[in-house]
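Engineer:
Residue numbers (UniProt numbering): 1 to 304.
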């Protein structure tokens, strides 16, 4: 690991600690105003699903993108935690027997294995809903207009034309294999949409104009594509012990991926190209953008 990579991982871990400490508070058993009670088993399953490990990469991107423009650190932490709740919901539901049917997530039993399927469904529902609660909460110090913009963008990223729609296309792809363009579209929705939101959210938090929002949005789209490409590469070249989850799943299900379609050499070259394109987008911001550039590098070349 290079000195730069080591410094980035330390920064990522520092931010992850902040996010996990806040999630621990947000997902405690104390009812909030207008709530009646937080059922013990449900809040425990939500807590387990959101706090069972992970890099906290999406909150990191929110926080660094906001910092790039001098946005509120507290608001960025809250929005980052909201995004992590929504991301965690997607993993809880993806792992269910009716979806990917996984027993392990980050080297630990998945929520439906640790609890049961019905509890896992409700835990996912709770995490999804809570994401928007956190953004709208008075505890998140942002103007109402910024909160509305964040809720709209997150809804679009997570919903029919974003992550949920991408998951539907992924299920269809098991029997009706898409071509290259179809794979790119599927992955931009299923994986890329939340990473795109994470980057644009920082500009929204800081109250930046359309030009900066668009530039960060495009940066997020590119690193989202790199993330999925690296994921597909690892699915072929790594092992379950390293990744903390099963490998070779796409090949076993007959799913088409860009790596399977075009080969590992092409995938590595494409990752180089995507990182260069992502970095070029951030050039106008100078040295302040280095943490985001390092994140792009980490996403493309990670080992797990």
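Even for Gly, the Cβ is constructed at its ideal location relative to N, Cα and C.
Remember, predicted model here, so these are calculated numbers, not experimental data.
Looking at C-alpha atoms only, which residue of 77, 53, 56 is the closest neighbour of residue 66?
Structural biologist: Counting from 1 along the chain shown, the entry for residue 66 is found at position 66. Per the Cα distances, 77.
Engineer: With 16 as the cutoff for other CB atoms within 10 Å, does residue 208 come out buried or exposed?
Structural biologist: The residue given as residue 208 occupies position 208 in the chain shown. With 16 or more other Cβ atoms within 10 Å, it is buried.
Engineer: Can you list, in chain order, the residues of its chain with a C-beta nearer than 8 angstroms to that of residue 33? Leave out the 5 residues immediately preceding and following it.
Structural biologist: Sequence index remark: in the chain shown, residue 33 carries index 33 (1-based). Around residue 33: no qualifying Cβ.
Engineer: With three or more C-beta pairs closer than 8 angstroms as the rule, is the segment 201-218 touching the segment 162-174?
Structural biologist: Contact fails: fewer than three Cβ-Cβ distances are below 8 angstroms.
Engineer: List the endpoints of the continuous alpha helix (DSSP H) containing residue 130.
Structural biologist: Working through the chain shown from its first residue, we reach residue 130 at position 130. Residues 117-136.
Engineer: Taking residue 220 and residue 197 to be in contact with their CB atoms under 8 angstroms, please state how far apart those CB atoms are, rounded to whole angstroms.
Structural biologist: The sequence position of residue 220 within the chain shown is 220, counting from 1. The sequence position of residue 197 within the chain shown is 197, counting from 1. Right, the Cβ-Cβ distance comes to about 7 angstroms (below 8 angstroms), so this counts as a contact.
Engineer: Measure from the alpha carbon of residue 30 to the alpha carbon of each residue in 42, 61, 199, then state which is nearest.
Structural biologist: Along the chain shown, read from residue 1 onward, the residue named residue 30 stands at position 30. Selected option, being the one with the closest Cα: 42.
Engineer: Contact defined as beta carbons within less than 8 angstroms: I believe residue 195 pairs with residue 61. What is the distance between those atoms, to the nearest angstrom?
Structural biologist: For the purposes of this step, residue 195 is taken as the residue at position 195 of the chain shown. For the purposes of this step, residue 61 is taken as the residue at position 61 of the chain shown. Between residue 61 and residue 195 the Cβ distance is about 7 angstroms, and since that is below 8 angstroms, they are a contact.
Engineer: Starting from the C-beta of residue 82, find all residues in its chain whose C-beta is less than 6 angstroms away, skip the five residues before and the five after it, and write them out in chain order.
Structural biologist: Working through the chain shown from its first residue, we reach residue 82 at position 82. 131, 134, 135.
Engineer: When the Cβ atoms of the segment 110-119 are set against those of the segment 38-52, are three or more pairs found closer than 8 angstroms?
Structural biologist: With the cut-off at 8 angstroms, the segment 110-119 and the segment 38-52 touch.
Engineer: Could you check where the alpha helix (DSSP H) with residue 64 kicks off and where it finishes?
Structural biologist: If you number the chain shown from 1, residue 64 lands on position 64. Unbroken alpha helix (DSSP H) run through residue 64: 57-68.
Engineer: Looking at the structure shown, is residue 32 part of a helix, part of a strand, or coil, going by DSSP?
Structural biologist: Position 32 of the chain shown, counted from the start, is the residue given in the question as residue 32. Three-state DSSP puts residue 32 in coil, outside helix and strand.
Engineer: Do residue 258 and residue 200 have their C-beta atoms within less than 8 angstroms of each other?
Structural biologist: On the chain shown, position 258 is the one that residue 258 refers to. On the chain shown, position 200 is the one that residue 200 refers to. For residue 258 and residue 200, no; Cβs fall outside 8 angstroms.
Engineer: Within its chain, find whatever has a CB closer than 7 angstroms to the CB of residue 302; leave out the 5 residues flanking it on each side and keep chain order.
Structural biologist: Within the chain shown, the letter at position 302 stands for residue 302. 230.
Engineer: Use the C-beta contact count for residue 54: other C-beta atoms within 10 angstroms, 16 or more gives buried, fewer gives exposed.
Structural biologist: In the chain shown, the residue the question calls residue 54 occupies position 54. It counts as buried.
Engineer: Hey, out of 123, 10, 170, 203, whose CA is closest to residue 149's CA?
Structural biologist: Your numbering for residue 149 matches position 149 in the chain shown. Here the closest residue by C-alpha is 203.
Engineer: Rounding to the nearest angstrom, what Cα-Cα distance links residue 255 and residue 167 in this structure?
Structural biologist: By one-based count along the chain shown, residue 255 stands at place 255. By one-based count along the chain shown, residue 167 stands at place 167. When rounded, the distance between both Cα atoms is 13 angstroms.
Engineer: Taking DSSP's pairing of strands, which residues face residue 108 in a bridge?
Structural biologist: On the chain shown, residue 108 is found 108 positions in, with the first residue counted as 1. The partner list for residue 108 (beta bridge, DSSP) reads 105.
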